[in-house]
Amino acid sequence: MAAVDTGSAPPKHDPPFTMEAYDLGGPDKLGALRNDQQAATNRLKTETRINNEKYLREHPEIQFMISAFLRDLLLKQPEDPRKHFTDFFIRPDLRDQILQLEKEYYQKMEDDTTVRLLAGEHYDEANSSDEETPCMQSKVVKT
1 MAAVDTGSAP PKHDPPFTME AYDLGGPDKL GALRNDQQAA TNRLKTETRI
51 NNEKYLREHP EIQFMISAFL RDLLLKQPED PRKHFTDFFI RPDLRDQILQ
101 LEKEYYQKME DDTTVRLLAG EHYDEANSSD EETPCMQSKV VKT
């Protein structure tokens with residue numbers, strides 16, 4: 001009976017959803033990681049992604065900061081985007097601009113709610129929360 005060498009079997013990568021499996025060895029090629037190492041890497045990627053999502057949900061102001069910067073960048077289209085990035089985030093009125101963007105966002109949400117109500121839709125109270133963030137979508141039910 002021949003000895004089974006499990007270390008040289010092609011890895012079963014099964015990467016986490018939306019994450020690339022960069023360590024594909026290809027046909028008849030062994031990837032750099034053993035199956036147990038790849039599984040541990042996949043778990044780490046998944047845990048990291050979950051922790052990042054939790055952090056972003058706890059800090060919705062980050063979404064407003066990114067939106068404000070992208071809006072400004074695309075409107076001005078500067079020659080040197082890196083310098084513009086630095087200048088944008090060290091300006092003294094940044095907080096006011098972010099607060100204004102947040103106010104606009106919630107006003108649009110309110111306007112959207114009004115339009116949906118006028119169109120005969122209503123929010124499903126059982127599935128909505130009092131604290132909506134830009135990362136969350138309200139559940140709407142057609143009546």
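All residue numbers in the sequence shown are consecutive under UniProt numbering, ending with 143. Positions of the beta carbon are idealized from the N, C-alpha and C atoms, including for glycine.
C-alpha distance - residue i paired with residue j, whole-angstrom precision
i	j	result
residue 110	residue 53	25 Å
residue 76	residue 32	45 Å
residue 44	residue 115	43 Å
residue 42	residue 72	37 Å
residue 103	residue 96	10 Å
residue 93	residue 105	18 Å
residue 119	residue 34	56 Å
residue 100	residue 60	14 Å
residue 58	residue 121	29 Å
residue 74	residue 117	33 Å
Classification of residue i by the beta-carbon crowding that lies within 10 angstroms, buried from 16 upward
i	result
residue 68	buried
residue 107	exposed
residue 112	exposed
residue 139	Note on residue 139: pLDDT 42, under 50, position unreliable in the model; no value is reported.
Nearest-angstrom beta carbon gap, residue j and residue i [assumed within contact, 8 Å]
i	j	result
residue 65	residue 98	6 Å
residue 62	residue 56	6 Å
Residue-level contact to chain C via CB, residue i, 8 Å cutoff
i	result
residue 114	Protein chain content of the structure displayed is limited to a single chain, and chain C is not contained in it.
Simplified DSSP assignment, three categories, for residue i
i	result
residue 79	coil
Pair every Cβ in the region 79 to 94 with every Cβ in the region 39 to 51, then say whether three or more of these pairs are closer than 8 Å.
-> The region 79 to 94 is not in contact with the region 39 to 51.
Could you tell me whether the region 32 to 41 touches the region 72 to 81, where touching means 3 or more Cβ pairs closer than 8 Å?
-> Result no; under three Cβ-Cβ pairs closer than 8 Å.
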